[in-house]
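Same order as they appear, the protein sequences are chains A and P.
First residue of the first sequence: 1, per my numbering; consecutive thereafter.
First residue of the second sequence: 1001, per my numbering; consecutive thereafter.
For glycine and all other residues, C-beta sits at the position ideal for the given N, C-alpha and C.
To keep things clear, I will list the structure first and then write my remarks on it.
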Amino acid sequence: MTAPKNSPLIEVSDLHKAYPLPESGQLTVLNGADFSVKAGDTLAVTGQSGSGKSTLIALLAGLDKPDRGRIRINGADLTAMDEAGLTRFRAAHLGIVFQQFHLLPHLSAEENIRLPLELLGRPCERGEIEALLENVGLTARRTHLPAQLSGGECQRVAIARALAVKPLLLLADEPTGNLDVATGREIVDLLFHLAEQEQMTMLVVTHNRELAERCSRQLQLAQGLLQ
Amino acid sequence: MKTLVRLGWRDLSRNRRFSLLFIVNLALGLTGFLLTGSFSASLDRHLAAHLKEILTGDLVLQAARPLTERELAVSRTVAGPGSRFSRQVSLYTMIKGGNGSKLAQIVAIDDAYPLYGGFRSSEGLPLNQAAASLQHQQQVLMSRETARSFALAPGDTLTIGQASYAVAALFDRDPGGDFTSLTLAPKIYLGLPHLEDSGLIRFGSRVSHKHFIRLPDTVDGSAIAARLTAALEELAAKAPEIRVSTTMDVNRRMGRVAGYFSSFLGLAAMVSLALAGLAAAFLFREHLRGGLRQIAILLSLGASRSQCLFLAMGQLAALGLAAACVAAVLSWLLLPLFGSLFAGLIPFAPNLALDPSTAALAALIGILGSLLFCLPVSLRILTVRPLVLLQEEIAGDSLSRHDRRRMVAALLPALGFLLLLILHLSHSPLQGLVFTAGLIVLTSLFTLAAALLFRGCRQWSTTSRLTWRIVWRNLYRNRRAATAVFVALATALLLVNLIPQVEKGLAAEIGQPEGMELPDFFLIDIQEEQRQPLARFFQDQEARLSPLAPMVQGRILSINGQPFAHWRQQHQTGDERGLRRSEFNFSSRVQLDASETVVKGPPLPTASWQADADRPFAFSLEQEFSKRLQVGIGDRMVVDIQGIEMEGQIVNLRKVRWNSFQPNFFMLVQPGVLDDAPKTYLASASRVEKTRKDALVQQLTTSFPNISVIDVSGMVAQLVNLAGQLTLSLRFMAGLAMATGLVTVVSIARQEALRREREINLLRVLGASLGRIRILLILEFALLAAAAALAALALSVLCSFGISWLMFDRLWQFQWQSGMFLLLAAILTCSLTALLATDSVIRRKPVALLH
């Protein structure tokens, strides 16, 4: 499924999220955030630590539910879905890249990439996986376990895994946060190259100014609002 | 599905130590179950295949007198055409052999005996010719062992009563079988036509008359038995004197003896299984803690929770099945050893083999047990949120109150499953419930003790000494894991220590009853006219003869106006020992023996009862016997004593210490009741010098050939040996429970070390030596073991006292030696096990901290 270019892919309105504090009261993280992202755009969300960047990405990924407000992705209302619906939507239309890679340690690079397709029950063409491995430059490391790969290589596998289902939206949470500067730069190049190649919408949460500047749009999260 | 299976398999093969520990732990728990189950099944198979040979017929008619021609004619009519009969008469008597006199059971048989089975030589060859010759010649057959004990060989002559018989042949196996290996005297077979020559059948001789019946194959034995019982009862005007037994009765009796051991062991095996379940849950909890991140990743990639739950359940089922397979192999290897533990307990050697249905059940228990014991842990998958992937640490323990409640509720299926298994193994709902309740109470007590202990640890952790401060804090901080170690160790140690506590008291009481003098001999069949000469004989021998107890055989005709046959039909208790017969021995004495006490009701009147009095005479019943007869104080019984009907009323119940080996009776009557009845006497003899025992028996049997002498020390040795065999088999099970407990320690110690890897690394980075870290671990686990052992010892002392009080007539002795040994062994083993389990973690380079 693809979204027509320039039509809004993400529509977020009046998004609220607060967490209860251990003793009493609550910590408001999102306080009526509104924004939209067009299909094919790349958006960087920046902000200080604890500003709610990860919360925003969790809500967009359907990993958490907002207290109030609406999230639409490609017209589908995530806030109206139950957990099973969110799981199905995430599996079919979203790709997520985590700061800590989160690869399954006992699966090889190739198996990790293949996993989302298998979970979806989609046919898994060998050529498709070959292409993904080639795109991330890991053809020679296909049989290696995550423990046998460097941090940068792990993140390449994670990117390939996120792209395996050909998602509408790629969500990346601090994709260079666990990498050195040079490797981080390589990963950024790769991400943007693949996003362009696949004409994919991408939302990146980052501290990395260089990465943020490469996005077509930047928003800063402060006091629960996106500016 | 395929992906999930692959994921599950990869996860298990990657976490080999977890998988191995889980399998070994559960396999040990299942081994006990498989061993006892296979043993029981082998026994059942043996009994089913040999029932007719054990009974030597399809039916047996048994009476204390010869059957009349009419009774035999009725029996033949009921048995129908094609049935075959054989006769056997048996009695106990003293036999003079080449090396002294001993008690023997003389079994006189006719030419049709046995209807099933036969005598076999040591080479397994049938001794048909030798058996047939008994009918024509004055010869006997005896076992090789009996011949050895009498110093006889084939061709030698021995005297039975007034006649001499030649030893025709020696057998290794005779037809029929005993119900336990505890035998009063060896059997000597002779031909029925030659029994009279011995002159042993006279008044007062306790003779058993049996008629075996072989029915045509198509005839239903149980139906014939029922018809025979009814026909013979109809013939007997007042009360039946003939007992009809079928192969089912033999099966029941032998099954009861064997079932007693196997259900006892089965329950011990359940403790192992419960411990294994505890360890399995702990192991899986720690495994899942590491796997929560993977679950979150799968959820973030689109796997559903049910798929993740299926993954975990599938892993558990695979591990459970693998454990069952390992247990099957272990049981197959251990079965011969297990069988040898029972060598002295049962009189035959069944062909022991792994039972397929028990193995299938073990596989089911392995799979279902794994799933149910780990259910509370597995349910944590439902609470995993993929959101945690966006956080730095995976928070594993943050459960809401609702989640915790759900986890506690998830324990219930495991408990229900354990209860079902216990009920299955104990064959008695009450026994099973008591055992389960006991297990829950014990576990709760140990958990409470652990909670108190670890609360104390928090207070003690304020000490200024660094090592102790860390040890106390670790125990407090990791109190959940420490509680699991505590409970597992304490339960296993309790079981281990319980056995010697009960065994020693029991053995000591059998060998030397407290406050009682154990006699050397027990004398039976003493005639009226032999009373004075016998007293003089023992006076001359400077030995002590107890007061002679009269014994008269009689029958119960009715209870509270109801014919005895009706009474026993209406008062079936499941324990048929009291109700299967109507003939009993009655005795009378003015003063109770030291081995008996009145527990309910007034003493028997000392005044002599007058036959012409219009009131009933007074009865005293042994309390267990009264329970089997379902009678109590005030109940009236009409008895037939040597042809005279008399009515008596129960005035008191007595408790008898049967292990005193003094002449005791189920029923005592008021003085005067037995005065006119012809009777024999029983007595015990004591204070016989050990070196003079054989000579005394020899002289006694020469002077009083009709008196049978039972060597009490021989019987005591047999009983102690039997108790020893039983405790050996129990120890085996306790050992298995202990091994399971140790696997629990290994599992928990290793998981704890892995969990604390970061902390250990930090200590090392801060300058702590490997030795210091090892000391910390040793102290921690030694303290845990010591506390668990002390709690187990205290409770085992209480439990053993309770068991002795309830089951063995308060026979109890405190055994501090075994307790101390266990305490030291537990500390040493636990510390070493923990050290070995954590070694690889301790040795890892602290550089991991930098990653």
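Residue 123 of chain A is not a Cβ neighbour of residue 155 of chain A, given a cutoff of 8 Å. In this structure, the alpha-carbon of residue 1246 of chain P lies about 46 Å from that of residue 1537 of chain P. If you check the CB distance, residue 1795 of chain P and residue 1842 of chain P do not come in under 8 Å. Separation of the CB atoms of residue 1327 of chain P and residue 1027 of chain P is rounded to 4 Å, and the pair is thereby assigned contact status at 8 Å. At least one CB of chain P lies nearer than 8 Å to the CB of residue 54 of chain A. About 6 Å separates the CB atoms of residue 194 of chain A and residue 135 of chain A; that is less than 8 Å, so the two are in contact. Taking a contact as a CB-CB distance under 8 Å, the pair residue 69 of chain A and residue 13 of chain A counts as one, their CB atoms being some 6 Å apart. Taking 8 Å as the threshold, the shortest C-beta distance from residue 87 of chain A to chain P falls below it.
The distance from the Cβ of residue 1552 of chain P to that of residue 1683 of chain P is about 16 Å, inconsistent with a contact at the 8 Å cut-off.
Look at residue 16 of chain A: its C-beta is not under 8 Å from any C-beta on chain P. Sequence-distant Cβ neighbours of residue 160 of chain A in its own chain, meaning closer than 6 Å and more than five residues away, are 113, 132, 136.
Not a single C-beta of chain P is nearer than 8 Å to the C-beta of residue 66 of chain A. Along the segment 1283-1306 of chain P, going in chain order, the ones with a CB nearer than 8 Å to a CB of chain A are 1293, 1294, 1296, 1297, 1298, 1299, 1300, 1301, 1302, 1303, 1304, 1305.
The beta-carbon separation of residue 1050 of chain P and residue 1138 of chain P, rounded to 32 Å, does not stay under the 8 Å limit for a contact.
For the segment 1812-1835 of chain P, there are no residues whose beta carbon sits under 7 Å from a beta carbon of chain A. Excluding its 5 nearest sequence neighbours in each direction, residue 120 of chain A has C-beta neighbours in its own chain below 8 Å: 91, 92, 165, listed in chain order. DSSP places residue 1060 of chain P within a strand segment (E or B) once states are collapsed to three. Residue-level contact by beta carbon holds for residue 91 of chain A and chain P, with a gap shorter than 8 Å.
For the C-beta of residue 116 of chain A, the chain P residues within less than 8 Å are, from N- to C-terminus, 1301, 1302. Distance check between residue 1489 of chain P and each of P:1457, P:1681, P:1446 places P:1446 closest, using alpha-carbon atoms only. Beyond the five residues adjoining it in sequence on each side, residue 1742 of chain P comes within less than 7 Å, by CB distance, of 1829, 1833 in the same chain, given in chain order. Contact annotation: residue 1153 of chain P and residue 1140 of chain P have beta-carbon atoms that are not nearer than 8 Å. In terms of beta-carbon proximity, residue 1389 of chain P lines the interface with chain A, with at least one pair separated by less than 8 Å.
Taking a 10 Å sphere around the C-beta of residue 1820 of chain P, we find fewer than 16 other C-beta atoms and assign the residue as exposed.
Under the rule that a run must span 4 or more residues, the alpha helix (DSSP H) segments found entirely inside the segment 1126-1204 of chain P read 1128-1133, 1144-1149, 1195-1198. Considering only P:1783, P:1533, P:1731, P:1218, the residue with the shortest C-alpha distance to residue 1702 of chain P is P:1533.
Here residue 1128 of chain P is exposed: its Cβ has fewer than 16 other Cβ atoms, across all protein chains shown, within 10 Å.
With 16 or more neighbouring CB atoms inside 10 Å of its own CB, residue 1036 of chain P falls in the buried class. According to DSSP, residue pairing for residue 99 of chain A in a beta bridge does not occur. Separation of the CB atoms of residue 1540 of chain P and residue 1686 of chain P is rounded to 16 Å, and the pair is thereby denied contact status at 8 Å. Under the DSSP assignment, residue 1088 of chain P falls outside any alpha helix (DSSP H), being part of the beta strand (DSSP E) whose first and last residues are 1084-1097. Looking at the DSSP output, residue 28 of chain A sits in a beta bridge with A:18.
Fewer than three pairs of CB atoms, one per stretch, sit closer than 8 Å, so the segment 96-106 of chain A makes no contact with the segment 208-215 of chain A. Each of P:1716, P:1818, P:1210, P:1236 was checked against the Cα of residue 1497 of chain P, and the nearest Cα belongs to P:1818. Separation of the CB atoms of residue 1105 of chain P and residue 1187 of chain P is rounded to 5 Å, and the pair is thereby assigned contact status at 8 Å.
In the assembly as shown, residue 1644 of chain P is an exposed residue. Its beta-carbon has fewer than 16 other beta-carbons within 10 Å.
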